[in-house]
Amino acid sequence: MASEEQYDEQATEAQAVVAALYPDASQDTDKEHYDDGPEDGSNGEYYTEDQDDNDDEVDAPGDISSRSIAPELVDETVMDAELVLANPDLVPSRRCNLSRRDKVNLVISLIIIAVVIVGVAVPVVLIQGEKAEETESSVPTPSPTSSRVWEYDAIRDQIVADTGTSKDVFDDPSSPQSRALDWIVFVDPARLTPESANLIQRYALMTLYYGSDASEDVLDWEAGAKDECTWAGIGCHDDITKTIKSIGLEDLNLAGTLVSEIGQLTKLDTLVLSENKMEGSLPASISFLVNLKDLYLHNNFFTGPLLDYAVKMPMLEELDACCNSFSGTIPLDISSLMALRVLGLHQNRFSGPLPTEIGTLSALEFLVLNDNVFGGTIVSELGQLRNLTYLSMGTSGFEGQIPSELGLLSKLQA
């Protein structure tokens with residue numbers, strides 16, 4: 015056994031090794047002390063300041079987080095400082111192990127953090143989901159189940175008030191009026207309201223579309239461009255009103271009848287429906303087209319009166335009604351058409367005498383009356399039509415001699 019001096023020297027060297035390997039052992043927190051014990055030379059006692067708090071805790075094997083190597087450990091395990099220096103592997107490796115209490119505290123802290131994160135994240139996700147649902151529900155859908163349903167009655171009532179159309183006509187879902195109203199309310203991308211300035215003219219055009227059995231192959235109206243002035247065959251006035259100026263639907267294989275809503279387009283100056291298969295009588299409302307200048311109806315299957323309506327169009331310049339089945343007589347007030355240049359009534363069923371008032375149409379250039387069932391004689395007043403360049407009256411039913419006054423028509427071509 016080494017002497018006391020040798021033991022002290024070896025202990026000092028061992029403590030130096032321990033201090034080098036475990037510098038934390040000298041920190042203020044959890045300071046370790048060695049009590050030299052009583053003066054009687056009995057063994058001292060190794061302890062830490064936290065010993066009272068951890069008396070009931072048992073450190074895990076190899077756990078050196080709260081203690082350093084005591085001199086007894088060096089004395090019993092290594093025996094002397096030289097053995098420690100010669101066998102450094104015998105000294106436990108430096109690790110950062112936590113006590114059981116620290117581990118419990120760490121787990122509790124992590125649980126609290128997780129709860130806080132979940133508590134914040136879940137409400138945010140729910141709020142965002144509610145906002146997404148509100149956004150989806152706010153997008154209008156052009157269908158009868160959309161919010162436009164409540165506007166149906168309001169738009170219908172406005173149309174009835176402005177056009178005089180019977181409300182009963184909308185009870186028939188197959189009628190042109192009902193189909194046009196449905197289209198405006200539920201399909202039309204223009205999303206018109208009862209206050210829309212172009213409501214009536216857009217409704218009138220779509221009624222004409224459905225009433226003439228038009229197909230999307232020849233007319234793109236049902237596709238519904240927002241500006242009806244861009245629709246095929248439609249022309250508008252250049253002023254701020256953008257009202258309908260002309261309708262040109264020639265040779266489109268249209269059928270059906272001409273709807274009464276045509277009379278709502280009072281700014282119309284040209285209406286062309288020639289070379290189609292339209293039938294039936296003209297609506298009386300056509301006489302509302304007081305600004306009409308050109309009316310072309312030839313080569314259809316129209317029947318009934320024509321001239322009784324035409325004489326109420328004071329701006330009329332050209333009227334071509336050839337090759338239909340119109341009937342009736344030439345009224346006396348034909349004289350009201352002072353701007354008329356072309357009157358083509360051939361190949362119809364007009365009857366009655368030729369009124370003398372026809373001689374007042376000083377602007378008339380073309381007069382074609384052949385292939386009708388007129389009666390009476392050819393009136394001499396035709397000689398007053400000094401601008402007449404073309405006259406045809408063959409097989410028209412007139413009797414008697416040709417008046418000599420026709421020789422005064424210097425512009426007449428043979």
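Mapping to the working numbering: the sequence shown position 125 is 139, numbers consecutive. Cβ coordinates follow ideal geometry from the N, Cα and C atoms, glycine included. A quick note: this is a predicted structure, and the numbers were derived from the prediction, not measured.
- In the three-state DSSP reduction, arginine 363 falls in the strand class (E or B).
- In this structure, isoleucine 372 keeps its C-beta atom at 8 Å or more from the C-beta atom of leucine 405.
- The secondary-structure analysis by DSSP pairs phenylalanine 340 across a beta bridge with Gly318.
- Assigned with DSSP and collapsed to three states, isoleucine 416 falls in coil, not helix or strand.
- Annotation note: the stretch 161–247 contains no uninterrupted beta strand (DSSP E) run of length 3 or greater.
- Under the three-state reduction of DSSP output, serine 123 falls in the helix class.
- A Cβ-Cβ contact shorter than 8 Å links phenylalanine 364 with phenylalanine 340.
- Phenylalanine 380 and leucine 357 have their C-alpha atoms some 6 Å from each other.
- Distance between threonine 284 and phenylalanine 200, taken at the CA atoms: about 30 Å.
- Inclusion of glycine 247 and glycine 262 in the CB contact set at 8 Å is warranted, their separation being smaller than that value.
- Looking at the DSSP output, tyrosine 310 sits in a beta bridge with Val286, Asp334.
- Between serine 288 and asparagine 313, the CB-CB gap stays under 8 Å.
- Put simply, the backbone Cα of lysine 281 is about 43 Å away from that of serine 418.
- Separation of glycine 277 and glutamine 415 (C-alpha to C-alpha, rounded to the nearest whole angstrom) is 42 Å.
- DSSP places valine 356 inside the beta strand (DSSP E), whose first and last residues are 356–358.
- Beta-bridge pairing by DSSP links valine 382 to Gly358, Ser406.
- In the structure shown, valine 387 falls within a strand segment according to DSSP collapsed to helix, strand and coil.
- If you look at serine 295, you'll find it in the beta strand (DSSP E) that goes 293–295.
- The three-state secondary structure of lysine 425, taken from DSSP, is coil.
- When the Cα atoms are used, glutamine 427 and proline 367 turn out to be separated by approximately 25 Å.
- Of all alpha-carbon atoms in Pro203, Ser210, Trp164, Lys256, the one lying nearest the alpha-carbon of lysine 240 is that of Pro203.
- Assigned with DSSP and collapsed to three states, glycine 262 falls in strand.
- Counting only the Cα atoms, valine 286 lies some 25 Å from asparagine 401.
- Residue state for glycine 249 is assigned as strand, using DSSP reduced to three classes.
- Between leucine 279 and proline 297 a beta carbon distance of about 12 Å is seen, past the 8 Å cut, so the two are scored as non-contacting.
- Pairing glutamate 165 with serine 189, the inter-Cα distance amounts to about 20 Å.
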